[in-house]
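Step one of this worksheet: look at the structure below.
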């Protein structure tokens with residue numbers, strides 16, 4: 005593992021000095037490799053799928069693991085999309101001149117070496133490596149054991165792309181074992197070689213990473229996202245947004261888990277919104293006020309307010325006013341993404357000011373919490389920590405900076 | 005300690021929503037308190053000084069601990085200078101519109117709760133707390149036991165300032181004990197309450213913090229700063245910069261520790277530069293090439309290249325060319341601050357591109373590595389990590405951000 009780290013550090017030095025064209029060429033070449041080795045990749049995936057079926061993995065897990073032609077094509081075109089993004093390196097983020105004539109610039113540089121720890125989705129191999137190469141970072145990939153053969157086949161394409169572009173093959177390395185101890189070592193004993201770890205996966209994985217890591221971690225534990233229907237919400241829009249935020253895909257971190265509604269608007273808004281959710285196949289768990297208005301709802305327990313269902317279930321609560329909604333989100337939210345539905349822009353401004361989450365939306369679905377939807381091309385994950393990056397983490401967020409100062413002989417008095 | 009944390013979190017929520025005027029008023033009121041309680045503060049400092057003398061602290065330590073009228077005035081005017089800085093909160097750092105009409109803004113918010121662990125300099129109490137209040141962060145201060153009474157007297161002024169401005173007194177709290185176990189608890193068991201820890205002090209303190217912290221740490225372990233005299237350096241400027249970078253103050257992290265000189269310029273540059281350093285009272289430790297040119301120099305050992313002297317000693321090495329200089333800095337530097345002296349801007353550009361340190365200067369002293377000198381008003385420290393902040397950490401660097409998104413009913417397809 006230390007040898008892996010040492011090689012990553014060496015590759016990172018070279019990547020940091022590489023031209024934009026070369027990094028983009030590596031991504032294009034890797035995309036071409038993915039396409040031409042399609043059969044080989046799907047064959048490797050079949051080995052993983054067979055083992056996963058034998059181990060009795062759930063249908064959802066099998067779906068995440070599965071690769072077919074369109075998913076391989078998706079990875080290839082994803083790499084090309086990343087290649088098309090502006091260069092995140094060398095950007096002059098700020099510049100100013102001091103009274104003594106010193107000219108100071110803050111210039112974007114790569115983070116260095118990034119460790120990615122993920123579960124069964126093999127496409128993370130291509131997406132994460134693509135963003136790292138784009139941003140001049142070396143990466144050490146550690147995928148789930150279920151996807152080992154698939155990830156190895158994808159990894160080979162990335163290495164081939166790097167070599168064709170004349171960049172070090174060690175820029176993208178894969179931990180060559182499925183031994184769980186390797187993850188522990190990566191998290192706890194490689195701070196010399198690894199600058200930041202990005203975990204991608206379920207709560208157990210993230211918690212383990214947060215507990216064991218001796219290097220900075222960028223990511224999020226869970227997404228308990230709220231849709232708050234303000235008294236001045238449009239009823240049709242409220243229903244459309246609630247259904248989309250909850251039901252478009254229930255298993256993603258930006259899916260809504262709790263619906264809050266102002267007491268003053270509850271009788272007007274809830275019947276339509278909850279009927280629409282119910283018709284879309286969602287189970288409703290409400291507090292007493294909600295059950296009184298919508299008797300089909302099951303009674304919610306205290307636990308519901310802090311549960312990330314990742315399923316077709318929503319908890320619903322009537323709140324006295326916007327202050328109570330903000331308090332509820334502060335008490336039970338996870339700092340990920342919250343939406344206010346309202347035609348009252350002052351209420352939205354108050355919500356934006358006083359809710360402390362990474363992403364706040366007025367009149368738009370929480371499922372927009374995504375780097376692609378934000379126009380960042382792709383994301384390596386969504387961060388809810390307060391240090392370094394918050395919200396979608398794209399190529400730009402995988403950079404640090406340095407100050408470069410031009411003088412003419414200044415000494416400090 | 006957990007109660008301290010809980011109160012800090014509560015205060016942080018209120019500070020985050022506070023108006024700029026109120027935060028600045030608190031800083032001005034605290035400055036006035038420092039001035040009016042000058043005698044009391046100096047009296048408290050006398051208790052610390054007496055105990056320190058009895059414990060036989062070094063003259064340098066005693067000097068750091070000592071407060072007199074001008075130092076109290078320095079703290080007061082420092083707080084006023086911080087109040088005069090632009091508000092780091094609410095800044096729209098970026099904004100764009102998506103094809104679907106979503107309007108996305110990235111807006112600066114406070115980090116939350118900051119823990120400051122420092123040694124004997126009592127003025128850190130005022131400086132650090134001032135920057136935290138300015139940037140809307142609550143702070144938990146843990147100063148060295150030597151400065152306990154001084155820090156407590158200064159802390160009382162800050163609390164009084166907060167109260168006069170109507171901000172929560174818990175915005176600035178001091179760990180009320182000199183028990184070392186409290187530091188361990190703060191570092192390892194308060195991640196729920198503390199968002200980031202900033203250590204200020206010697207290498208032993210920083211190393212302990214880095215090893216024990218379960219929260220992100222912003223700071224630097226050491227400053228092994230280099231001055232590199234390129235073949236195209238002006239000889240007079242080289243001498244002026246080398247003397248200032250090394251000797252202006254030898255005990256600060258931005259002081260130069262190693263001088264590198266191109267082989268092609270060594271005979272022309274070294275005699276003048278080393279004579280100037282020597283006349284300023286600096287001990288010279290050189291490699292064989294240096295001793296051949298400047299026989300007064302003592303022979304350097306391998307250890308010298310990675311030593312932060314913080315004293316009137318400099319190690320000097322002849323390198324073959326700019327690539328060798330860049331390699332030397334990569335091998336022995338600490339990523340803090342490096343200077344190239346050259347009239348060749350292409351060489352400077354290469355140095356800037358390929359040296360990976362927080363601050364790089366052309367033709368200016370490394371002692372400019374300072375938030376005040378950078379025009380940031382003040383600094384809480386200098387960071388050499390790659391995550392979040394690098395270089396001087398001022399009020400702006402003590403912020404995170406959130407995304408606020410205005411929509412008109414958009415749902416995600």
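Chains as they are written, first to last, in my numbering: chain A, 5 to 417; chain B, 5 to 417.
Every residue, glycine too, gets a C-beta built ideally from N, C-alpha and C.
Please classify residue i: is it buried, with 16 or more other beta-carbons within 10 angstroms of its beta-carbon, or exposed?
i	result
residue 309 of chain A	buried
residue 119 of chain A	buried
residue 208 of chain A	exposed
residue 96 of chain B	exposed
residue 196 of chain A	exposed
residue 306 of chain A	exposed
residue 188 of chain A	exposed
residue 398 of chain B	buried
residue 192 of chain B	exposed
residue 59 of chain A	exposed
residue 352 of chain A	buried
residue 417 of chain A	exposed
residue 203 of chain A	buried
residue 51 of chain B	exposed
residue 150 of chain B	buried
residue 67 of chain B	exposed
residue 183 of chain B	exposed
residue 350 of chain A	exposed
residue 139 of chain B	buried
residue 165 of chain A	buried
For residue i, which of helix, strand or coil comes out of DSSP?
i	result
residue 309 of chain A	helix
residue 192 of chain B	helix
residue 256 of chain A	coil
residue 411 of chain B	strand
residue 8 of chain B	helix
residue 66 of chain A	helix
residue 345 of chain A	strand
residue 373 of chain A	coil
residue 171 of chain A	coil
Which residue marks the beginning of the beta strand (DSSP E) containing residue i, and which one marks its end?
i	result
residue 159 of chain A	No beta strand (DSSP E) holds residue 159 of chain A; the alpha helix (DSSP H) holding it covers 152-168.
residue 71 of chain A	No beta strand (DSSP E) contains residue 71 of chain A, which DSSP labels as neither H nor E.
residue 104 of chain A	Neither: residue 104 of chain A is in no beta strand (DSSP E) and is coded neither H nor E.
residue 141 of chain B	Premise fails: residue 141 of chain B is in no beta strand (DSSP E) and is neither H nor E.
8 angstroms is my cut-off, CB to CB: does residue i come that close to chain A?
i	result
residue 138 of chain B	no
residue 362 of chain B	yes
residue 20 of chain B	yes
residue 406 of chain B	yes
residue 194 of chain B	no
residue 273 of chain B	no
residue 176 of chain B	no
residue 220 of chain B	yes
residue 152 of chain B	no
residue 93 of chain B	no
residue 197 of chain B	no
residue 410 of chain B	yes
residue 241 of chain B	yes
residue 116 of chain B	yes
Which residue comes first and which comes last in the alpha helix (DSSP H) that contains residue i?
i	result
residue 429 of chain A	Absent from the model: residue 429 of chain A. The displayed extent of chain A is 5 to 417, so no value can be given.
residue 38 of chain A	24-40
residue 1 of chain A	Here chain A covers residues 5 to 417 and nothing more, so residue 1 of chain A does not appear.
residue 357 of chain B	349-358
residue 178 of chain A	Residue 178 of chain A -> not in any alpha helix (DSSP H); beta strand (DSSP E) instead, spanning 176-178.
residue 387 of chain B	Here residue 387 of chain B belongs to no alpha helix (DSSP H); instead the beta strand (DSSP E) covers 385-387.
residue 228 of chain A	Element bounds for residue 228 of chain A: n/a, residue is neither H nor E.
Does at least one heavy atom of the ligand COA sit under 7 angstroms from the Cβ of residue i?
i	result
residue 191 of chain A	Within the structure as shown, the ligand COA is missing, as the structure has no ligands at all.
Do we get a CB-CB distance below 8 angstroms when we pair residue i with the residues of chain B?
i	result
residue 369 of chain A	yes
residue 357 of chain A	yes
residue 170 of chain A	no
residue 392 of chain A	yes
residue 245 of chain A	yes
residue 311 of chain A	no
residue 298 of chain A	no
Any chance you could list the beta strand (DSSP E) runs of at least 3 consecutive residues sitting entirely within the segment 266-335 of chain A, in chain order?
Complete beta strand (DSSP E) runs here, min 3: 287-290, 317-323.
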